[in-house]
Amino acid sequence: MTGALAVWRRGRRSPEVVARAGIARTFQNIRLFSNMTVLENVLIGLDRTIGGGIVGMLFRTPDNRRREREANAKALESLEFVGLASQANRLACQLAYGDQRRLEIARAISTGAQLVLLDEPAAGMNPSETIELANLVQRIRQRGITVLLIEHHMNIVMRISDRVAVLDYGIKICEGSPTEVKNNPKVIEAYLGSDATT
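Count the sequence shown with numbering that gives the first Met the number 0 and you get residues 0 to 197, in order.
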């Protein structure tokens with residue numbers, strides 16, 4: 000992942016460059032095409048894989064049709080993975096909030112990214128949706144995909160992370176295993192107050 004992360008160090012890059020580097024992300028605020036279907040929302044993330052150029056798209060060449068079928072199969076597989084395959088033909092705006100979050104994750108993993116950045120994926124979720132999300136992130140990791148999670152729900156962070164970095168007003172105050180972080184005096188003071196340590 001060092002090479003992929005170097006993309007960020009070089010300054011702002013286009014989404015195309017980031018995607019080619021094997022990086023995908025979700026956003027803190029849901030960014031779906033609400034009047035498109037669930038399947039179409041995932042296919043948007045696969046647009047660069049279809050290729051074939053404008054001529055191929057206009058004339059529906061055999062190569063273009065083959066690539067579209069492959070993208071469709073990949074999108075459906077990603078929806079199956081996150082538990083939304085049965086919703087493929089519904090409009091994204093008709094999904095429950097937690098399902099919209101899972102749709103964003105499906106779009107990210109469908110790209111074949113090896114690093115997925117999840118920005119506050121549990122924001123606004125109820126407790127059962129939060130548990131489902133934690134299980135989904137663990138399954139993503141089991142596929143060999145690195146997950147960089149930005150999250151305020153400490154129960155999720157501690158449950159699914161190998162390493163945790165804690166920021167306090169933008170300054171890193173601790174980094175280590177979940178156990179090390181949980182027992183760190185600076186973390187306890189920053190998040191529970193100085194009275195919690197006495």
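Every residue, glycine too, gets a C-beta built ideally from N, C-alpha and C.
Rounded separation between residue i and residue j - CA only
i: D98; j: I139; result: 16 Å
i: S13; j: A20; result: 11 Å
i: G143; j: Q137; result: 10 Å
i: F58; j: A72; result: 22 Å
i: T145; j: K171; result: 21 Å
i: R30; j: C92; result: 11 Å
i: K199; j: I53; result: Any property of residue 199 remains undetermined from this structure, which presents the chain solely from 0 to 197.
i: T110; j: Q27; result: 19 Å
i: G82; j: E179; result: 34 Å
i: G192; j: E174; result: 19 Å
i: R64; j: A74; result: 15 Å
Sequence-distant residues of its chain with Cβ nearer than 7 Å to residue i (five each side left out)
i: A70; result: L42, L45, T48, I49
i: S127; result: none
i: P61; result: none
Sequence-distant residues of the same chain with beta carbon closer than 6 Å to residue i, five excluded per side
i: R158; result: A133
i: D167; result: A189
i: M124; result: G97
In DSSP terms, what residue i is bridged to
i: C92; result: Its beta-bridge partners do not exist; DSSP assigns none.
i: R24; result: L116
i: T36; result: L90
i: L42; result: BP columns for L42 are empty, so no partner.
i: G175; result: V163
i: I149; result: D118
i: I170; result: D167
Proximity below 8 Å, CB of residue i to CB of residue j
i: P184; j: S160; result: no
i: I104; j: L135; result: yes
i: E150; j: A121; result: yes
i: L116; j: L147; result: yes
Sequence-distant residues of its chain with Cβ nearer than 8 Å to residue i (five each side left out)
i: E67; result: I49
i: F32; result: E39, N40, I43, A91
i: E15; result: R47
i: F80; result: A105, I108, R138
### Query
Are there three or more Cβ pairs, one per stretch, closer than 8 Å when the segment 79-99 is compared with the segment 114-133?
yes
### Query
Is the segment 19-39 touching the segment 77-88 in the sense that three or more CB pairs, one from each, lie closer than 8 Å?
yes
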